[in-house]
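Student:
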Amino acid sequence: MNKARMHIVSMAAAFGLVAVTGGTAMADDIELFIAGEDTSIDNGAQPNVLFVIDTSGSMTSEVVTQVAWDPNTTFDDCYRSDAIYWGFSSTAPSCNSNHWFYKTKNMCQASSGSLDGIGEWSGSALAYRSNRNRWVRLRASRKNRDVECEDDAGVHGSISGSYWAANGNAGPWAGNDNSEPQWNYNYTFFDGNYLNWLNSDGEVTTTHIDIVKDVTVNLLDNLNGVNVGMMRFNQYEGGSVDFAMENIATARSNLQDAVQNLSIDIYTPLSETLYEAYLYYTGGNVDYGDGYEHTSVASSRVGNTTASGQYQTPIEFACQKNYIIFLTDGAATRDAGAESKIEGLPNFGQYTGTSACLDGDSAADGRSGICLDEMAAYMQNKDISPLYGEQNVTTYTIGFTVDLELLADTAEKGGGEYHLADDTTSLTSALTKITVSILDDAATFTAPSVPVNAFNRTQNLKDVFVSVFNPSSTVHWPGNMKKYRLVSGQLIDANGTLAVDPVTGFFREGSQSYWSDEPDDDRAADGGAAGELPYWGDRLLFTNIAGGDLNSAANRVWPGTVGLDEDFMGVPVAQDSGYYDLWEIEKLLLWMNGLDVFDDDDDGDDVDTRNMMGDPLHVKPVPVIYGGPADAPDMVVYTATNDGYLHAIDPTDGSELWTFVPERMLPLMYNQYLDQPTTTRTYGLDGEIKHVVLNDDGKGGIAGTERAILLFGMRRGGDVMFALDVTDRYDPQLLWVADSETEGFEDLGQTWSTPQVAEVNVGGTARDVAIFAGGYDTGQDDDDYTTDSQGNAIYMVDLVSGQLIWSGGAADGHDLVLDEMEHSIPAPMTVLDVNNDGYGDRMYVGDMGGRVWRFDIFNGESVDDLVHGGVIASLGGAAEEGGAGAADLRRFYNQVDVVDVIRKEYRYLALNVGSGYRAHPLDRDIEEEFFSIRDYDIFPQLHTDDYDEPVVIDEVIDITDLSSAHLDSDDKGWRLRMEKAPGEKILNRSVTFQDAIYFTSFAPGTGANACTAAPGQNRLYKIDLASGDPVANLDDSVDDDLNEDDRSTELKQGGIAPGVEIFFTDSDDGDDDDDCEEGEDCGPKPNCGSGLEFIGQCGDPVAPVRTFWTQDGT
């Protein structure tokens, strides 16, 4: 089972008892960008960590330090010793923080070892709300709620035999995972008693070396996901490899013994030992490891023998990260022997910036140690391995009871950090922080080019708005929104030239998007809307901490706004004082507005504007037209990012009108602000935006009683649905917010399902409604078949007020209880007006069990009898009732594409939908398919009791190997197996136009290894609606006869290609239309594309119209 952990790797992830590795467990399509995520290849590229421990005579010096940490001893200070404090990062909260709960309420057994050992744990956790029978997020005001964690699932519960947290009547704990909650919230726990111990004064006397041994052994006890080795000093000169690099999983006990057995020598040869570390990392000849008091161990050498005079480099992979943690308690002594050797290294001056080691003030005797910082700089800047790419070594230093400028210089030049320690607690803290930094930097993110999420353009206009981003190894992923033009079916840049390279399918080198001052080609962060962000002091940044009037002063994100204090925003106390740094909260809030606090643009100015946006990973830009002439409309483009911002952009110049950060995103902003390396993904506002014009008069623009409303969720960012009124583009209003703690929405999961809108007659009253499914349950991230306890519901709410009108689901309390609704539903609903009376009366949707549902809305009925529904087809794991093999675990993440098909003899609704494991696009086990299921009951409305046995896969005609299929009038539909490449799957909705179905597929690439994420293969399909037959010669051959290979063509772009879009371009593009007679109005031309690739005209010129299904066939 691939149990993905979606939490930030922090101190506790490094040292807790959670199952982490040097790789990254990503349950989402971003696994494409992470080296080693493909399970078909071996991922052994764990970071190498070499400890260099001072064994000089001064390490026998004694120091007064704290008594050893003992969780059974109560320590007195400002924290509650009976409490567990919680936060969102590895920085401990302040003494007066209200974020804590009683230890007696901690039911997370997985946290006990880490909390007892190092006072800290990190993972996904929830608190039990007994009056709702639900597991919910932690709240500062609730100290007595039981707290459970995801890591306990199936392992431990408060009741014997009940090892799964459970919602509803089955909870709080159950004997199976059927009602397991969605683990959306990630926290770091801190033992209050441990925090008191960290702040305690020394009470015992012990030697430096004993402190180092105890702290290092404790650290190794809880360290995972790295390779570790150790060096020590020799008696007089240099140092040797005392323990060769080995996976911590197998090395732990033996390395701890080696640490405990360290003996004391005399001198402190710092630079000589670091030089020997360089020889070890590079596979050079053994120098100080031979002929001295201590010999480098056999396992560190070629051939695993001390007879060999050459080191075996521990660097095995091109992307492997390499580190040195150098700990010493004194200045260098007898440490000049390697000076000429270091200065004689190839291109020494090029990589160190000096022709000779510079004399400093840190040497205890003459020139001792003066090459230490140059040696660190050399290893950081030089490629030290013949492997592909660049491999270097990062050096961290710790001064134990001594503060040396040389050590600080060494860490700075070596790319690491310098830490001071003078007792047990401070050394524990220093080693912890260093190791956390190393683990957080362990992932390798790669991408074939700038990934393009999706684009959008205004109907019958030529502006195209493109979302772009770059994967990053830090919290912030840079993103942007850029503007281009669509002319004659091609994407054109600001200079009137082609924007896309026809060979790669990505931006052409030298291309320049609109709004950009210079060519920005494939650089996601450059130009675009990010380049036009306003001066930070003038920016309008809103939140909803004071209600829905976003434009009010009380909702302005700015220093001094009530509620935006350090505790709420997650700003830690200053380590030296134990109090809040008042300037830190101001810097954070100003940084959110765009102040370049950290001089990210490297221009030497930290008070200018930070032109940076987050990544719109799954968000398409949404244009809203407010008025103006048809050829130059007055509009605003809205987009959202995983930084947690909703941006309102003026498309004329790319400037930002305002931006909105929801209140619940604010406590996560400090992590964005620090932007530290991380091996997991931070999500924010990642749900697609739905634009609605209420009271639409059909004339275009927003006027009179019309209202412009935006509806959006968070996808993996959370379980919240938002509605914003943007009728006045300068005065946005938050209409409503719904989450799983809102009454009636308890089954809401991650909000993936984009809301759909309709008018419905409820008990004789017309209501404008938003309809959305319950969303995603992260239990589906597991490869095995599972049912869900969240997301398995359908909601209908008042569009303006958010009032829940109707809901359906498996749990008691829904208006329509459906026992079979056992799986979450992340797909958007498809809502139809079948009888053309203006009211929505039919809905379709697929779920994570491979079922397709139909619902009929009985307009005019009361809520109790308003909606009926059932399963019309079961095509995945649910059909086997839990006995399905891996190949049959088809899931439907995509919206059902419903098309009215009329033939002389019969008529039906084609329900077109493809299966694909969106959470794991690299999966190769599931046999994915595209389905076109026929619903012949178009106009009769069905009650829940009317449903017969659903259509199953064996009843659907397999047309894969047929170039010309014939289906009878009573056939259930057809299906096409995805087998052009192993793991081929459909990850986007299909589009049907002029009796042809268009969709894209994705298959994992074959070039992946431990260091490279393969770009994958995308295909575009065009097939006949009724039969699935090929309709065009797409296999690039010159033959005239169509065969099964002509159903698809391979796209150039890597990553996951967006779904197919159909654009209608006007005849004034300058095209010569040979098919249009003089004086004839042929209408705009339909052009098809996916991402940045356009395949040209995909049908006959025709004006786009809204389609209705009516009983008389009109």
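The sequence shown runs 32 to 1145 under our numbering.
Quick reminder that beta carbons are idealized off the backbone N, C-alpha and C, glycines included.
All values reported here derive from a predicted model rather than from experimental measurement.
Quick one: grab the DSSP three-state call for R938.
Tutor: Strand, per DSSP.
Student: According to DSSP, is G54 part of a helix, a strand, or is it coil?
Tutor: Caution applies to G54, whose pLDDT of 32 falls short of 50 and renders its modelled position unreliable; the value that the coordinates give is listed next. G54: coil per DSSP, three-state reduction.
Student: With distance defined between alpha-carbon atoms, name the residue in H997, K1083, G1085 and D1001 nearest to P1061.
Tutor: Comparing Cα positions, the closest option is H997.
Student: Could you pull the start and end residues of the beta strand (DSSP E) that H450 belongs to?
Tutor: Run containing H450: G446 to A452, per the beta strand (DSSP E) assignment.
Student: Within 10 Å of its beta-carbon, does I401 have 16 or more other beta-carbons around it, so buried, or fewer, so exposed?
Tutor: It counts as buried.
Student: In whole angstroms, what separates the C-alpha of N423 from that of G270?
Tutor: Whole-angstrom Cα-Cα distance: 21 Å.
Student: Hey, would you say T818 sits closer than 9 Å to E853, going by beta carbons?
Tutor: A contact, by the Cβ cut-off of 9 Å.
Student: Would the beta-carbon of T96 fall within 9 Å of that of T359?
Tutor: No, the Cβ-Cβ distance between T96 and T359 is not below 9 Å.
Student: Taking 8 Å as the cut-off, is the beta-carbon of F1094 closer than that to any non-hydrogen atom of the ligand COA?
Tutor: Looking for the ligand COA in the displayed structure turns up nothing, as the structure carries no ligands at all.
Student: Pull up the distance between the alpha-carbon of H974 and that of V793, whole angstroms please.
Tutor: Their Cα atoms are separated by approximately 17 Å.
Student: Over the uninterrupted beta strand (DSSP E) stretch that includes Q764, give me the two end residues.
Tutor: Counting along the chain, the beta strand (DSSP E) containing Q764 begins and ends at Q764 to A769.
Student: For N642, does the count of other Cβ atoms within 10 angstroms reach 16, so buried, or fall short, so exposed?
Tutor: Buried.
Student: To the nearest angstrom, how far is it from the Cα of I84 to the Cα of A114?
Tutor: Taking the straight line from one Cα to the other gives about 36 Å.
Student: Leaving out five residues on either side along the sequence, give the residues of the same chain with a beta carbon under 8 Å from the beta carbon of A585.
Tutor: Within the same chain, A585 has close Cβ partners I576, A577, G578, T592 and V593.
Student: Could you name each continuous alpha helix (DSSP H) segment of 4 residues or more that falls completely within the stretch 156–191, going from the start of the chain to the end?
Tutor: Within the stretch 156–191, no complete alpha helix (DSSP H) run reaches 4 residues.
Student: How big is the Cα-Cα spacing for A275 and G375?
Tutor: Spanning the two alpha carbons is a distance of roughly 26 Å.
Student: Can you have a look at V51 and say buried or exposed, based on whether 16 or more other CB atoms are within 10 angstroms of its CB?
Tutor: Model confidence at V51 stands at a pLDDT of 25, short of 50, so the residue's coordinates are unreliable; what they give is reported in the following sentence. Burial call: buried.
Student: Quick one: what's S963 bridged to in DSSP?
Tutor: Partner(s): N943 and W1005.
Student: If we ignore side chains and look at the alpha-carbon of each, how far apart do W204 and G645 end up?
Tutor: When rounded, the distance between both Cα atoms is 39 Å.
Student: Report the start-end ranges of each alpha helix (DSSP H) in the stretch 682–727 that is 4 residues or longer and not cut off at the edges.
Tutor: If we require 4 residues or more, the alpha helix (DSSP H) runs fully inside the stretch 682–727 come out as 700–705.
Student: Going by DSSP, name the residue or residues bridged to S1032.
Tutor: Beta-bridge pairing links S1032 to R1050.
Student: On the DSSP letters alone, give me the boundaries of the alpha helix (DSSP H) that F599 sits inside.
Tutor: Residues E597 to M600.
Student: Out of S838, T782, G877 and Q764, point me to the one whose CA is closest to V831's CA.
Tutor: Nearest option by C-alpha distance: Q764.
Student: Within 10 Å of its beta-carbon, does F348 have 16 or more other beta-carbons around it, so buried, or fewer, so exposed?
Tutor: The residue is buried, with at least 16 neighbouring Cβ atoms inside 10 Å.
Student: Measuring only the C-alpha atoms, how far is N1074 from I990?
Tutor: Distance between the alpha carbons of N1074 and I990 is about 12 Å.
Student: Buried or exposed for Y419, going by 16 or more other Cβ atoms inside 10 Å?
Tutor: Exposed, because fewer than 16 other Cβ atoms sit within 10 Å of the Cβ of Y419.
Student: Out of M623, F220, G541 and D580, which one is the CA nearest neighbour of D569?
Tutor: Here the closest residue by C-alpha is M623.
Student: Would you list the one or two residues that DSSP bridges to V788?
Tutor: Its beta-bridge partners are A801.
Student: For I373 and S302, which I take to be in contact (beta-carbon distance under 8 Å), what is that distance rounded to the nearest angstrom?
Tutor: Confirmed, Cβ separation roughly 7 Å.
Student: Starting from E1081, follow its DSSP beta bridges and name the residues at the other end.
Tutor: R1050, per the DSSP bridge assignment.
Student: Taking the continuous alpha helix (DSSP H) assigned at A338, which residues delimit it?
Tutor: Counting along the chain, A338 falls outside any alpha helix (DSSP H), and DSSP gives it neither H nor E.
Student: What residues match up with F274 in a beta bridge as DSSP calls it?
Tutor: Beta-bridge pairing links F274 to M261.
Student: Opposite V667 in the DSSP bridges: which residues?
Tutor: In DSSP, V667 forms a bridge with V655.
Student: Do W166 and A158 come within 9 Å of each other at the CB atom, strictly closer than that value?
Tutor: Yes, these two residues count as a Cβ contact at 9 Å.
Student: Which term fits P952, buried or exposed, when burial requires 16 or more other beta carbons within 10 angstroms of its beta carbon?
Tutor: Classification of P952: buried, given that the 10 Å Cβ count is 16 or more.
Student: According to DSSP, is H997 helix, strand or coil?
Tutor: H997 falls in the coil class under three-state DSSP.
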